[in-house]
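Student:
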Amino acid sequence: MAALAANLRLVAPRWLARHETLLAAILAVALVILGAFNERFLTIDNLLNQGRLMTEIGLIALPMTLVIVTGGIDLSVGSIVGLCAILLGYSWKIWGFPLPVAIAFAIGVGGLAGFANGLLITRVKVPPLIMTIATLALYRGLAEGISQAHSVRGYPQWFFFAGQGEWLGVPTQLWILFVAIIATGVALDRTTFGRALYAIGANETAARFSGLPVDRIKLIVYSLSGLMAGLSAFVLVSRVTTT
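Every letter in the sequence shown is one number past the one before it in the working numbering, and letter 163, counting from 1, is 163.
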């Protein structure tokens, strides 16, 4: 059986041997099964609506992939989303920031939160699991302390375009997700940065001896994780209309 599997890998096209092909096949089977149970599941409207609802998670998952490839983990992203969502609303409504500035501010705070994670992990040498559990509690506490359980509403109509609008019949946030997916895929498969991520994840010590700037690369991926969590917060608030 093992020999047969090996022979199949040799004669099959290269794309069939990729993990992504298996995942795509599993997804296709799941869609067929769910569609068999409910005739409305595979309709265009339902699939687009499901895509609208999963965008925030997708934007978080993409940079998390980069973090995991390096052998790390970031458990604080959910709290960063909450903190950035609160800061977006409060910086606009309470602190008087213009709304575009408030959006940029919230996304920037997400990047800074991720940068803080990466800095502590690389400089203080705290394991990523422990460090991000700690910052999970920290960022969540900051969000709750700032908001005091009060919500912010009354955003102008243009603000909802990112979370509720459409372009060419496709939800706006799905276009954002598509761009992020393509950028992440190209970065992983077609760049020296992506190869460096795999090298660090496979053997960090060997990567250091090879001259790779391991700490700098880790700092970048954790910062990206926080930045995308901030972007996810913006899309989320735009969709649900409140913080």
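Glycine included, C-beta positions come from ideal geometry on N, C-alpha and C.
Between which two residues does the alpha helix (DSSP H) carrying residue 236 extend?
Tutor: Position 236 of the sequence shown, counted from the first residue, corresponds to residue 236. Per DSSP, residue 236 belongs to the alpha helix (DSSP H) from 214-240.
Student: Can you give the Cα-Cα distance for residue 4 and residue 22, rounded to whole angstroms?
Tutor: If you number the sequence shown from 1, residue 4 lands on position 4. If you number the sequence shown from 1, residue 22 lands on position 22. In this predicted model, residue 4 has a pLDDT of only 46, less than 50, meaning its place in the structure is not dependable; the value taken from the coordinates is given anyway. So the two alpha carbons sit approximately 18 Å from each other.
Student: To which residues does DSSP link residue 167 through a beta bridge?
Tutor: The count along the sequence shown starts at 1 and reaches residue 167 at position 167. 170.
Student: Tell me, please, whether the region 98-118 touches the region 216-234 by the rule of three or more beta-carbon pairs shorter than 8 Å.
Tutor: Verdict: yes, contact present.
Student: For chain D, is any of its Cβ atoms less than 8 Å away from the one on residue 105?
Tutor: Here there is only one protein chain, and chain D is not present.
Student: Residues in its own chain within less than 7 Å of residue 193 by CB, not counting five upstream and five downstream?
Tutor: In the sequence shown, residue 193 corresponds to position 193, counting from 1. So the list reads 187, once near-sequence residues are dropped.
Student: Under 8 Å between the Cβ atoms of residue 171 and residue 51?
Tutor: Indexing the sequence shown from 1 puts residue 171 at position 171. Indexing the sequence shown from 1 puts residue 51 at position 51. Their beta carbons are under 8 Å apart, which means residue 171 touches residue 51 by this criterion.
Student: What would DSSP say about residue 197, mapped onto helix, strand or coil?
Tutor: One-based indexing of the sequence shown puts residue 197 at position 197. Residue 197 falls in the helix class under three-state DSSP.
Student: With 16 other CB atoms within 10 Å as the buried threshold, where does residue 198 fall?
Tutor: The residue given as residue 198 occupies position 198 in the sequence shown. It is exposed - the Cβ of residue 198 has fewer than 16 other Cβ atoms within 10 Å.
Student: Could you check which residue in 24, 55, 25 and 213 has the C-alpha nearest to that of residue 178?
Tutor: The count along the sequence shown starts at 1 and reaches residue 178 at position 178. Among 24, 55, 25 and 213, the Cα nearest to that of residue 178 belongs to 55.
Student: If I follow the unbroken alpha helix (DSSP H) through residue 30, where does it start and stop?
Tutor: Counting from 1 along the sequence shown, the entry for residue 30 is found at position 30. That run of the alpha helix (DSSP H) goes 19-37.
Student: Take residue 81 as the anchor and find which of 48, 33 and 135 has the nearest alpha-carbon.
Tutor: Indexing the sequence shown from 1 puts residue 81 at position 81. When only C-alpha atoms are compared, the closest one is 135.
Student: Output the distance between the C-alpha atoms of residue 41 and residue 213, rounded to the nearest integer angstrom.
Tutor: Taking the sequence shown and counting its residues from 1, the one referred to as residue 41 is at position 41. Taking the sequence shown and counting its residues from 1, the one referred to as residue 213 is at position 213. Straight-line Cα distance between these residues: approximately 47 Å.
Student: Going by beta-carbon coordinates alone, are residue 77 and residue 103 separated by less than 8 Å?
Tutor: If you number the sequence shown from 1, residue 77 lands on position 77. If you number the sequence shown from 1, residue 103 lands on position 103. Going by C-beta atoms, residue 77 is not nearer than 8 Å to residue 103.
Student: What residue from 87, 91 and 121 has the CA that sits closest to residue 143's CA?
Tutor: Within the sequence shown, residue 143 is the residue found at index 143, counting from 1. Closest by alpha carbon: 87.
Student: If we ignore side chains and look at the alpha-carbon of each, how far apart do residue 176 and residue 210 end up?
Tutor: The sequence position of residue 176 within the sequence shown is 176, counting from 1. The sequence position of residue 210 within the sequence shown is 210, counting from 1. Taking the straight line from one Cα to the other gives about 36 Å.
Student: Could you please give the first and the last residue of the uninterrupted alpha helix (DSSP H) stretch that includes residue 143?
Tutor: Counting from 1 along the sequence shown, the entry for residue 143 is found at position 143. Element bounds for residue 143: 128-147.
Student: Comparing C-alpha positions only, which one of 27, 116, 101 and 45 sits nearest to residue 219?
Tutor: As a position in the sequence shown, residue 219 is number 219, starting the count at 1. Residue 116 is the option with its Cα nearest to residue 219.
Student: Which two residues bound the contiguous alpha helix (DSSP H) that contains residue 76?
Tutor: For the purposes of this step, residue 76 is identified with residue 76 of the sequence shown, where counting begins at 1. No alpha helix (DSSP H) contains residue 76, which DSSP labels as neither H nor E.
Student: Report the rounded CA-to-CA distance for residue 162 versus residue 205, giving the unit in angstroms.
Tutor: On the sequence shown, position 162 is the one that residue 162 refers to. On the sequence shown, position 205 is the one that residue 205 refers to. If I take the Cα positions, the gap works out to 43 Å.
Student: According to the neighbour-count rule (16 or more other Cβ atoms, all chains shown, within 10 Å of its Cβ), is residue 189 buried or exposed?
Tutor: For the purposes of this step, residue 189 is identified with residue 189 of the sequence shown, where counting begins at 1. Exposed.
Student: What did DSSP end up calling residue 255 once you bin it into helix, strand or coil?
Tutor: Look at the range of the chain in this structure, 1 to 243, and you will see that residue 255 is not part of it.
Student: Helix, strand or coil, according to DSSP, for residue 53 in the structure here?
Tutor: On the sequence shown, residue 53 is found 53 positions in, with the first residue counted as 1. Residue 53: helix per DSSP, three-state reduction.
Student: Just to confirm, is the Cβ distance from residue 75 to residue 132 under 8 Å?
Tutor: Reading the sequence shown from its first residue, position 75 is the one you call residue 75. Reading the sequence shown from its first residue, position 132 is the one you call residue 132. Contact: yes.
Student: What residue does the alpha helix (DSSP H) around residue 107 start on, and which one ends it?
Tutor: Within the sequence shown, residue 107 is the residue found at index 107, counting from 1. It spans 99-119 - the alpha helix (DSSP H) in which residue 107 sits, taken as one unbroken run.
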